[in-house]
Structures are given as structure tokens and as C-alpha cells.
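Engineer: In our numbering, the protein residues as written are 459 to 883. Cβ coordinates follow ideal geometry from the N, Cα and C atoms, glycine included.
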């Protein structure tokens, strides 16, 4: 910091920042008077709060007026001070929530001949910050026009203004500005080699994705794992509209990533609903799995990560495997119980044809034994109604009744007597 810290000024700074929150073009003069009163008491304008921010940095973010920042400029405050994140006051101007005021404040820095190409502690410039701050095309154009930075330059995090725009800025018109100024929409960013379309699809920026595609981005580009934007959309967000946009613009539903995972694997892992699965089917996604695939089936994944009971009927209709693979993997119904799925979800699995009596080989246990340990009477009844075998004994020598007798949820319920009759106890 430029001055030795004095803890009594932390309270002063906090009070001034609170006042800034209600400052506008009608009352800014009283705000200036408050600041001057604090100066008379020993406060100084270059003082930094515990986050390293000066009053100018805070003033740059005031949405209702640019007058305080202009007054601070006239007082020759130190604009080269950096906060704890290495940001200068000029970078904070990008985060003013009112675009008109943001542009005016940024204009102050240009008027006073501050270097608009200065970078923060992570190598980010003002253009990058306008993208992260979700500024519309006006402030974005002003920042780009004032700098001579390459929009495709990477900061210390492996991102550029273009990739930050794809992740954070939902003003689709900025893409016209970015492309006009040399934005490379096919460039891969970060160690995962995500293109701007990958990032927009992953982060559910639908309008951004549409704008990027309109400018000719490669819709089936692959990242370091072989995932396309469609697969990232399925894996990491649950908005069917993004999937619809990608499929409608030519995304290949038959693609597989480097592990051999299909769009159905991605949908299952991402917990998509029945509508999304149906979109993939209608688009021609292949349901056949290679015989030598070591991957869990989509059904195995959905038992863990799914939420929509309606998906199970679709998986059954498409003749997808509803059994687990490998002795070390949990049977589907048991897996769903382990992940605390509700009764409607379990019922849909059983109605679709999932085997209630599949055995988890390492412990010779079944879904019924698991349900009897801590499940509700309705859950145990559901499994029994679908043919669950109550006579199976696990490696510890316990059957379903043994587990039920130690379950307080089942105490006094009729299902315990039903288990007794089935076992013959």
C-alpha cells in the first residue's frame, strides 16, 4: 500500500463506500462534502481498504453517477495503485453495472491519458474485464477501440477476451464487434482445448452459442477429451434449449468422445430429462453400444445421476441395456437406492424392466437388503411387489428380515410380517 495502514480508516472507508451506494447525479455534491470532512479528520484519498481497494476503485463502480470518480481524478489520486487482485481502478470501471456510466468513467481514464492496455495481476486487460462484467456492445466497443491488444491473447489462466465473452457475456451483439476486430472463433482455450462454442454450450449461454454459430464456428469441434459442444451441453447443464439449438444447427448426435462415450452417456451423466433424451433419438443418435466397451452403460449412469423417472421408459423402448456390467459394479436398482432416489424414480426403473434381484457379487447383497436397512415401508413394499427375493443371504449372513429388524423406519410396519412370511421365519 502507498501509505501505512491505520485501522481507524477501515471504518471510515466502509462508511464512505456505504454512502457511495446511494450516490447519484442529484446528491453527489453532498457525497463530496462527506469525503472532505473525513479528509479534515486525517483520512487520505489513496487509502486502501482490507481488499486493497481505494475510494476511486469503489467510485468507478457507482452505477448512478460518474461525478465522484471525476472529482477524484481532479484531486490527482494515485491511479497506479493495485488492489489485492492486482486490479487497477481502470479495471474496476468495467464492472459498473450501468453501461452508460461505465463508458463515461472509462472515458475519464482516457481523458487523463491512462494506458488502457494495462493488465491486472492475472494478465487481464480492460477488454477482458468488460467481457467478464457482461457489458453490452457500447462499452465493449469503446474498450476495444481504445486498446491495441489482440483479442485472442491469453491471460495467465489460459483465456482470452473471446473465451471470457463466451462464458460470461450474454449480449449476443458483441460478437459482431469481436469478429470485426479479429476474434478467432475456432481457437481452443485452456488445457482442455475448449473453443468459444464449447464454453458457451457448457455454461448454458444459448444466445451466445447462436451468435457464435452465426459467425461460422465449427459446431463439431473436439476438445482434449474428444467432447463436442453438444456433449458438453449434455454433461454440464440441463437446459434442453441449448441442445435444441445445437442439433438444429448441425451438431452430430452420433459422435463419441475419446473414451467411446455417446451422447446418451453424456445425457445420463448430466442427469438430463426425458425431453432431451427424446431430442437425441429424434436426431438419429445411435443406441447400440460396442460389445467391447468398458464404459458403464447409460442406464448405469442414470441410476446414479438421473432425476426424471420418464427417462426409464425411453431407455427400455430403445432396447438399451438395463443391467449392470462387471462384478464390481452395483446393480442398477441398488445403485439408485444408494444415491437416495425417490420411490417414483425406483418404480419407473422397475416398470421399465430393471432386475430387482440383481446381486452385487462382492457382498452377495441385493436392492431389497439395502432398502430394508434404512428405507421406508413403502419402498420395501414396492420392491416386494416387483418380485424381490427375500431369501437372499449376504456375506455377513443377513437376509432382508435381519436388516429390517434393525431399521427404526420399519418398526411396527406390516412389511416386517410380510418378510417373515416370505422367509418362513
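Since residue 496 and residue 478 should fall inside the 8 angstroms C-beta cutoff, what is the C-beta to C-beta distance between them, to a whole number of angstroms?
Structural biologist: For this step, residue 496 is matched to residue 38 along the chain shown. For this step, residue 478 is matched to residue 20 along the chain shown. The pair is not a contact, with the Cβ atoms about 13 angstroms apart (cut-off 8 angstroms).
Engineer: For residue 614, which residues from the same chain have a beta carbon less than 7 angstroms from its beta carbon, with the 5 sequence-adjacent residues on both sides left out?
Structural biologist: Numbered from 1 along the chain shown, position 156 holds the residue referred to as residue 614. Only 580, 581 meet the Cβ criterion.
Engineer: Quick check on the DSSP output: what are the complete alpha helix (DSSP H) runs of length 4 or more inside the region 678–755, in order along the chain?
Structural biologist: Runs of the alpha helix (DSSP H) inside the region 678–755: 687–694, 698–706, 721–727, 732–740.
Engineer: Compute the Euclidean distance between the alpha carbons of residue 656 and residue 663, then round it to the nearest angstrom.
Structural biologist: Mapped onto the chain shown, residue 656 falls at position 198. Mapped onto the chain shown, residue 663 falls at position 205. The alpha-carbon atoms of residue 656 and residue 663 are separated by roughly 10 angstroms.
Engineer: Would residue 630 and residue 669 qualify as a contact pair, given that the criterion is a beta-carbon distance under 7 angstroms?
Structural biologist: Here residue 630 refers to the residue found at position 172 when the chain shown is read from its first residue. Here residue 669 refers to the residue found at position 211 when the chain shown is read from its first residue. Cβ distance < 7 angstroms, so residue 630 and residue 669 count as in contact.
Engineer: Does the beta-carbon distance from residue 824 to residue 850 come in below 7 angstroms?
Structural biologist: Taking the first residue of the chain shown as position 1, residue 824 is located at position 366. Taking the first residue of the chain shown as position 1, residue 850 is located at position 392. Going by C-beta atoms, residue 824 is nearer than 7 angstroms to residue 850.
Engineer: Give me the Cα-Cα distance between residue 858 and residue 820, rounded to the nearest whole angstrom.
Structural biologist: Position 400 of the chain shown holds residue 858. Position 362 of the chain shown holds residue 820. When rounded, the distance between both Cα atoms is 17 angstroms.
Engineer: Do residue 838 and residue 814 count as a contact pair if the criterion is CB distance below 7 angstroms?
Structural biologist: Here the question's residue 814 lines up with position 356 in the chain shown. Here the question's residue 838 lines up with position 380 in the chain shown. For residue 814 and residue 838, no; Cβs fall outside 7 angstroms.
Engineer: What's the gap between the Cα of residue 545 and the Cα of residue 568?
Structural biologist: For the purposes of this step, residue 545 is taken as the residue at position 87 of the chain shown. For the purposes of this step, residue 568 is taken as the residue at position 110 of the chain shown. Going by the C-alpha atoms only, they are around 17 angstroms apart.
Engineer: Spatial neighbours of residue 592 within its chain, please: CB distance less than 8 angstroms, with the 5 preceding and 5 following residues excluded, ordered by chain position.
Structural biologist: As a first step, residue 592 must be located in the chain shown, where it is residue number 134. Excluding positions up to five away in sequence, the list reads 626, 627, 628, 629.
Engineer: Is residue 534 buried or exposed, if buried means 16 or more other CB atoms sit within 10 Å of its CB?
Structural biologist: For the purposes of this step, residue 534 is identified with residue 76 of the chain shown, where counting begins at 1. By the 10 Å Cβ count, residue 534 comes out exposed.
Engineer: Starting from residue 588, follow the alpha helix (DSSP H) in both directions and report where the run begins and ends.
Structural biologist: Within the chain shown, the letter at position 130 stands for residue 588. Taken as a continuous stretch (DSSP letters only), the alpha helix (DSSP H) holding residue 588 covers 584–590.
Engineer: Let's see if you can read the secondary structure: which residues bound the alpha helix (DSSP H) around residue 520?
Structural biologist: As a working mapping, residue 520 is identified with position 62 in the chain shown. Run containing residue 520: none; DSSP gives neither H nor E here.
Engineer: Would you list, in sequence order, the uninterrupted alpha helix (DSSP H) runs of no fewer than 4 residues that lie entirely inside the region 558–616?
Structural biologist: You should have 584–590, 595–604.
Engineer: Three-state secondary structure (DSSP) at residue 639?
Structural biologist: Numbered from its first residue, the chain shown carries residue 639 at position 181. Coil, per DSSP.
Engineer: Suppose the cutoff is 6 angstroms on Cβ atoms and the five residues either side in sequence are ignored; what does the same chain contact list for residue 733 look like?
Structural biologist: Stepping through the chain shown from its first residue, residue 733 is reached at position 275. For residue 733, where only same-chain residues beyond five positions count, the Cβ hits under 6 angstroms are 698.
Engineer: Is the Cβ-Cβ distance between residue 596 and residue 555 less than 7 angstroms?
Structural biologist: Locating residue 596 in the chain shown gives position 138, where the first residue counts as 1. Locating residue 555 in the chain shown gives position 97, where the first residue counts as 1. Contact: no.
Engineer: Is the Cβ-Cβ distance between residue 548 and residue 583 less than 7 angstroms?
Structural biologist: Here residue 548 corresponds to residue number 90 of the chain shown, with the count starting at 1. Here residue 583 corresponds to residue number 125 of the chain shown, with the count starting at 1. Not a contact, by the Cβ cut-off of 7 angstroms.
Engineer: Below 8 angstroms CB to CB, which residues in the same chain sit around residue 644 once its five sequence neighbours on both sides are set aside?
Structural biologist: Locating residue 644 in the chain shown gives position 186, where the first residue counts as 1. Excluding positions up to five away in sequence, the list reads 653, 675, 676, 679.
Engineer: I'd like the list of long-range same chain contacts for residue 501, defined as Cβ closer than 6 angstroms, with 5 residues on each side in sequence excluded.
Structural biologist: What you label residue 501 is simply residue 43 of the chain shown in a count that begins at 1. If we look at residue 501 and ignore the five residues flanking it on each side, its Cβ neighbours are 467, 470.
Engineer: Can you pull the DSSP bridge partners for residue 652?
Structural biologist: The sequence position of residue 652 within the chain shown is 194, counting from 1. DSSP output for residue 652 lists 647 as bridge partner(s).
Engineer: Residue 527: buried (16+ other C-beta within 10 angstroms of its C-beta) or exposed?
Structural biologist: For the purposes of this step, residue 527 is taken as the residue at position 69 of the chain shown. Label assigned to residue 527: buried.
Engineer: Using a 10 Å radius around the Cβ and a threshold of 16 neighbouring Cβ atoms, would you call residue 607 buried or exposed?
Structural biologist: If you number the chain shown from 1, residue 607 lands on position 149. Its Cβ being crowded by 16 or more others within 10 Å, residue 607 is buried.
Engineer: If I follow the unbroken alpha helix (DSSP H) through residue 549, where does it start and stop?
Structural biologist: Along the chain shown, read from residue 1 onward, the residue named residue 549 stands at position 91. First-last of the alpha helix (DSSP H) with residue 549: 547–550.
Engineer: Determine the DSSP secondary structure at residue 849, reduced to helix, strand or coil.
Structural biologist: In the chain shown, residue 849 corresponds to position 391, counting from 1. Reduced to three states, the DSSP call for residue 849 is coil.
Engineer: Shortest alpha-carbon distance to residue 856 belongs to which of 794, 610, 711, 827?
Structural biologist: As a first step, residue 856 must be located in the chain shown, where it is residue number 398. The residue with the shortest Cα to Cα distance from residue 856 is 827.
Engineer: Report the option in 586, 703, 865 whose CA atom is closest to the CA atom of residue 831.
Structural biologist: In the chain shown, counting from the first residue as 1, residue 831 sits at position 373. With distances taken between Cα atoms, residue 831 lies closest to 865.
Engineer: In angstroms with no decimal places, state the Cα-to-Cα distance between residue 589 and residue 603.
Structural biologist: The sequence position of residue 589 within the chain shown is 131, counting from 1. The sequence position of residue 603 within the chain shown is 145, counting from 1. Each residue's alpha carbon lies about 14 angstroms from the other.
Engineer: Could you tell me how far apart the beta carbons of residue 512 and residue 490 are, in whole angstroms, since I believe they sit closer than 8 angstroms?
Structural biologist: What you label residue 512 is simply residue 54 of the chain shown in a count that begins at 1. What you label residue 490 is simply residue 32 of the chain shown in a count that begins at 1. 16 angstroms between Cβ atoms; not a contact.
Engineer: I need the straight-line Cα distance from residue 531 to residue 723, nearest angstrom please.
Structural biologist: Here residue 531 refers to the residue found at position 73 when the chain shown is read from its first residue. Here residue 723 refers to the residue found at position 265 when the chain shown is read from its first residue. Roughly 57 angstroms between the two C-alpha positions.
Engineer: Taking only three categories from DSSP, how would you classify residue 470?
Structural biologist: Mapped onto the chain shown, residue 470 falls at position 12. Note: residue 470 maps to helix in three-state DSSP.
Engineer: Can you give me the C-alpha to C-alpha distance between residue 683 and residue 720, rounded to a whole angstrom?
Structural biologist: Within the chain shown, residue 683 is the residue found at index 225, counting from 1. Within the chain shown, residue 720 is the residue found at index 262, counting from 1. Taking the straight line joining both Cα atoms gives about 13 angstroms.
Engineer: Return the chain-ordered list of same chain residues with a C-beta closer than 6 angstroms to the C-beta of residue 695, the five sequence neighbours on each side being excluded.
Structural biologist: Counting from one through the chain shown, the residue named residue 695 turns up at place 237. Correct list, in chain order: 662.
Engineer: May I ask which residues mark the beginning and end of the alpha helix (DSSP H) holding residue 622?
Structural biologist: For this step, residue 622 is matched to residue 164 along the chain shown. Residue 622 -> alpha helix (DSSP H) spans 619–626.
Engineer: Tell me the residue span of the alpha helix (DSSP H) that contains residue 671.
Structural biologist: Taking the first residue of the chain shown as 1, we reach residue 671 at position 213. Residue 671 -> alpha helix (DSSP H) spans 664–672.
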